[in-house]
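S.K.: Submitted below is the structure of interest, expressed as structure tokens.
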Amino acid sequence: MGPLSYGRFPAHFAVLALAAGLRFYRLGEPSLWADEGNSAAMAARSLARIAQDAAADIHPPLYYWLLHFWSLLFGHSEVALRSLSAIAGVGLVYVIYLIGRRLQSEQMGLAAALVAAINPLQIYYAQEARMYALLGLWSGLALYALTLHILQEGEGHMRPAPDVAVLLVVALTGGLYTHYVFPSIVVAINVLYLLWLWDSRRRGHVLERAMWWGGLHLVVLLLFLPWLPIAQRQLTAWPRPPMQPDFAQSFGAALVTLSLGPVGYEQPDWAWNIVFALWALLGLWPHVRPARGRREYWLAWGIPLVAMVAPVALMLWRGLVHEAYLKFLLAGSPGFCLLIARGVVGTGEALGRMTAIRLRQRRARRPTTVIRVPWLQLAWYAIAAMVLGVTSGATLQAYFFDPAYARDDYRGIVHYIQAVEQPGDRILLEAPGQQEVFTYYYRGKLPIYPLPRQRPPDPQSLQAELAEITATPGRIFALFWAVEQVDPDRMVENWLAQNAFKASESWQGHVRFAVYAIPEFSLSREHITSTDWMFGDPPLLHLRGVGIGAERVTAGEVLPLSMTWEAIHPISDRYKITVQLLNGRDQVVAQRDAEPAGGLRPTTEWTPGQVVQDSMGVLVRAGTPPGEYRVILAVYRQADGVRLPVVFEGTRTDHVVLGRVRVQRPTSPPAPITLGMQHSLQAQFGPLQLLGFDAYKRGFAHAPATPLTPGDILQVSLYWRAERAPGRPLKVRLELGEGQAVVEADPAGEAYPTTLWIAEEVVRGDHDIPLPSDLAPGRYPLFLSVQDDGERIGTRLRLQEIVVRRPGS
């Protein structure tokens, strides 16, 4: 491979430092997700147990063996587990540089390394405790060994050098023991070598060279032979995914992934995709020949092309061009980066030759002088760097910071469960594959039920276990993942919808986290009250009965409700039911929105006269001030949020009042993680400590980024902890800008003044700030201060900047 010379070292160091920085940046920030939990569990087992478990899986054991020794040295933290992939990712960047330098030039090698260093696909999987970064490294090493072998033959060496032979055998064997997509790389390098043999046949020794090449592959086969029957069995028995019907769409998805990674695939920008495709095509144009004038210059574009296309072709053939399998394209990423770099560098050098200006000297005998003006070449490089930087930078910005692309947050789910769990609660994991990552974080004592225990599920045994889980009062914390594969008929959710009250549901990456409550009584038997409310004009839905599970509920717990519905006419739209708890100022302090039966019985499937039983739980958020609240119910169209009118005894409104419920303070203060604050911010105001706040357009707590316009109402929720009982009435002052909008009120509303607060109590206060209708659009700071009998306590605190826009902008 050769050491880097001193003169070239700074450039390489800068590229490798950039690659390392991007791959180690925030390495431990995201939670491990399900497959990473599997890696962590496998690494903790013995080598023999790893081989045994891998034989029943779809991945060979080498990565897990390496991770086993790696974790013995560095531990089992998220950073330690992922750092093996990060090191492999940096190594891949260096190998790509070596290939580009040997194939074409130093500039080509540096450009290819730079493309790889900022490639979102490589960065994404270099930060994952899985085998894909290692797969890319083996692919790169195999291509590098092929390149060295061919170039040595081109220089007259008919036998492979020992170091090159060892590198080739190690790379091929390592790749085969790492991932079952690697045979595509084996096929690719053999196709390339056969083409080279044909192109160089006039040099002679064809049979001798072919035998040496075959001998090296025979060694690889012998080394892989112990695992070959297992690989054959798993590849033929594993369920085959549905084929992609559209070849063009599949190839485009592959190109998007190679260019921008999985974040780009989820939200592809086809304009940038076309740019990368054009660059790849420029990389195929034989406009630049390698140094030393070799005749076989086709290798400079042939090796990258075949190396990139081979995994794509295999995935198209096997129908693997699907979001879950596109990470396999890391095997083709080295070829892709080399092809892009060759297109950029080669085109730049071609443009450089076009900008030569010939000048004659004054003396006739002097020869003509050629002066190269590289402005066009430099402009091309600047444009290429800008495009690469913008596309990769925007994609990495989303990957690192956008919650929409965050990995599954098992760590956050576990922290929430451990903060609120009580005796009698239980945890349900659907699918069982979550158990390893869940127990990586969970240190509580609740029973864990991984269901269903078979695939496909056995209905009888599954229902028996679900009956046991829902037989006693308490809460069920349910984590739903890969439901379509493990429970396609959704037997688990249907059972829970009929036997428990779903109180909340949220997506944590690709994991759906739900909380169910099972009360100490049969709500449908004891608390149903007949009603005669008609929703819609003309009526669509009839609410025949409703029951509120309790007259009192503790903040942080679930209020169960049961409803009996009847369809009056066929329903063409999907409707949601919302149940809200309102305080004296009609502010929403608790809310649950869902389609009937937790989303399993959409209204479009109802038939006239059909009676539908629905159970719903409303999670009364921790920190809700003690007091009495109205419970209302409304039905709205899911597409646009428009509520159905309610007609009852000649009156028409958009909701019905179910009754009242009293919220009482918990026996112990809640943990901050259970408060669900948008912004954590600690500040001291005498006896009160501010824990954090929310700020959003009123009615848009579910979409806090909704812009505000003049005339809207800004709702601000403040979260307080009383370090000691205040004992006197305190007031808060919220001020937008410099007096543009001011509100002064009790910290938790006039119904629960601070004179009633006790030490260590955590209380949420909701406040409305009406924006003047003539308020000029712009940015306004939001200030908070606390007053005691008109005197300010502490400082005037700036919470955040509120953006007010013009209507319609």
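Residues in the sequence shown are numbered consecutively from 80, following our numbering. Each residue gets a CB set at the ideal place from its N, CA and C atoms; glycine is no exception.
1) Which residues in the same chain as Leu95 place their Cβ atom closer than 7 angstroms to its Cβ, once the five residues preceding and following it in sequence are excluded?
2) Under a three-way DSSP split, which group does Pro369 fall into?
3) My parser needs the beta strand (DSSP E) runs of 3 or more residues fully inside the stretch 789-833; what are they?
4) What number of angstroms, rounded off, separates the C-alpha of Ala90 from the C-alpha of Ala99?
5) So does Tyr484 have its beta carbon nearer than 6 angstroms to some heavy atom of the ligand GDP?
6) Would you check if the distance between the CB atom of Leu787 and the CB atom of Leu861 is smaller than 7 angstroms?
7) Please specify which runs of the alpha helix (DSSP H), each continuous and at least 4 residues long, are wholly inside the stretch 379-438, giving them in chain order.
8) Could you tell me whether the Cβ atoms of Val56 and Val822 are closer together than 7 angstroms?
9) DSSP on Ile647, reduced to helix/strand/coil?
10) Leaving out five residues on either side along the sequence, give the residues of the same chain with a beta carbon under 6 angstroms from the beta carbon of Trp364.
11) Can you give me the C-alpha to C-alpha distance between Leu835 and Asp791, rounded to a whole angstrom?
12) Starting from Met613, follow its DSSP beta bridges and name the residues at the other end.
13) Is Ser338 helix, strand or coil by DSSP?
14) If you reduce the DSSP assignment to three classes, tell me which class Glu185 lands in.
15) What residues in its chain sit with their C-beta under 7 angstroms from that of Glu829, if we drop five residues either side in the sequence?
16) Spatial neighbours of Ser759 within its chain, please: C-beta separation below 6 angstroms, excluding the five flanking residues on both sides.
17) For His846, count neighbouring Cβ atoms within 10 angstroms of its own Cβ and tell me buried if that reaches 16, exposed if not.
18) Under the assumption that Trp112 contacts Val516 (Cβ atoms under 8 angstroms), give the Cβ distance between them as a whole number of angstroms.
19) Would you mind listing the alpha helix (DSSP H) stretches within the stretch 205-243 that are 4+ residues and don't spill past its ends, in chain order?
20) Alpha carbons only, please: which of Leu660, Leu620, Arg623, Leu619 is nearest the one belonging to Pro639?
21) Helix, strand or coil for Ala713 per DSSP?
22) Output yes or no for whether 7 angstroms exceeds the beta carbon distance between Pro413 and Ile175.
23) At the level of alpha carbons, what is the spacing between Asn198 and Val658?
24) Just checking my contact of Glu509 with Val571 at CB under 8 angstroms: how many whole Å lie between their CB atoms?
25) Given this structure, state the Cα-to-Cα distance separating Trp612 from Ile711, to the nearest angstrom.
26) Per DSSP, what kind of secondary structure is Asp278 in: helix, strand or coil?
27) What's the C-alpha gap between Ala356 and Leu334?
28) For Gln513, I'd like the list of residues in its chain whose CB is within less than 8 angstroms of its CB, leaving aside the five on either flank, ordered along the chain.
29) Taking the alpha helix (DSSP H) that Arg653 falls in, what are its first and last residues?
30) Starting from the N-terminal side, write out each stretch of the alpha helix (DSSP H) that is 4 residues or longer and does not extend beyond the stretch 555-598.
31) Is the stretch 395-404 close to the stretch 418-435, with three or more CB pairs under 8 angstroms?
32) How close, in whole Å, do the beta carbons of Leu200 and Thr315 come, if the pair is a contact with beta carbons under 8 angstroms?
33) Opposite Gly626 in the DSSP bridges: which residues?
34) Note down, in chain order, each residue of its chain lying with its Cβ closer than 7 angstroms to the Cβ of Ala804, except the 5 sequence neighbours on either side.
35) Compute the distance between the beta-carbons of Arg894 and Gly635, then report whether it is under 7 angstroms.
36) Could you pull the start and end residues of the beta strand (DSSP E) that Ser694 belongs to?
M.R.: For this structure:
1) Setting aside the 5 residues that flank it on each side, Leu95 is surrounded in the same chain by Val169, Val172, Tyr173, each with a C-beta closer than 7 angstroms to its C-beta; the list follows chain order.
2) Reliability fails at Pro369, whose pLDDT of 49 lies under 50, so the model's placement of it is uncertain and no value is given.
3) Listed in chain order, the complete beta strand (DSSP E) runs (minimum 3 residues) inside the stretch 789-833 are 792-801, 809-815, 820-824.
4) Using only the alpha carbons, I get a separation of about 14 angstroms.
5) Summarising the ligand content, the structure contains no ligands, and the ligand GDP is consequently not present.
6) No. Outside cutoff.
7) With a minimum length of 4 residues, the continuous alpha helix (DSSP H) runs that stay inside the stretch 379-438 are 412-433.
8) A query on residue 56 cannot be resolved here, the shown segment of the chain reaching from 80 to 888 and no further.
9) Here Ile647 sits in coil by DSSP.
10) For Trp364, there are no CB contacts under 6 angstroms within the same chain when 5 residues up- and downstream are skipped.
11) If I take the Cα positions, the gap works out to 32 angstroms.
12) Within the DSSP secondary-structure output, Met613 pairs in a beta bridge with His621, Val726.
13) In the structure shown, Ser338 adopts helical secondary structure according to DSSP, grouped into three states.
14) Helix.
15) Exclusion of the five residues before and after Glu829 leaves no residue of its chain whose Cβ lies closer than 7 angstroms to its Cβ.
16) Around Ser759: Gly771.
17) Classification of His846: buried, given that the 10 Å Cβ count is 16 or more.
18) At roughly 7 angstroms, the Cβ-Cβ gap stays under 8 angstroms, so Trp112 and Val516 are in contact.
19) Counting only runs of 4 or more, we get 211-233.
20) For the residues Leu660, Leu620, Arg623, Leu619, the minimum Cα distance to Pro639 belongs to Leu660.
21) Ala713: strand per DSSP, three-state reduction.
22) For the pair Pro413 and Ile175, the CB atoms are nearer than the 7 angstroms cut-off.
23) Between Asn198 and Val658, the C-alpha separation is close to 47 angstroms.
24) Between the beta-carbon of Glu509 and that of Val571 there is about 5 angstroms, and that keeps the pair under the 8 angstroms contact cut.
25) Distance between the alpha carbons of Trp612 and Ile711 is about 13 angstroms.
26) It is helical.
27) Rounded to the nearest angstrom, the gap between the Cα atoms of Ala356 and Leu334 is 8 angstroms.
28) Contacts found: Ala113, Gly116, Tyr489, Pro529, Leu558, Trp560, Val590.
29) DSSP places Arg653 outside any alpha helix (DSSP H), giving it a letter other than H or E.
30) Fully enclosed alpha helix (DSSP H) runs of 4 or longer: 562-565, 570-578.
31) The stretch 395-404 makes no contact with the stretch 418-435; the number of CB pairs closer than 8 angstroms stays below 3.
32) The pair is not a contact, with the Cβ atoms about 29 angstroms apart (cut-off 8 angstroms).
33) Per DSSP, Ser641.
34) Trp836, Ile837, Ala838, listed in sequence order.
35) Because the chain is modelled from 80 through 888, residue 894 falls outside the range shown and cannot be assessed.
36) Boundaries of the beta strand (DSSP E) around Ser694: 690-698.
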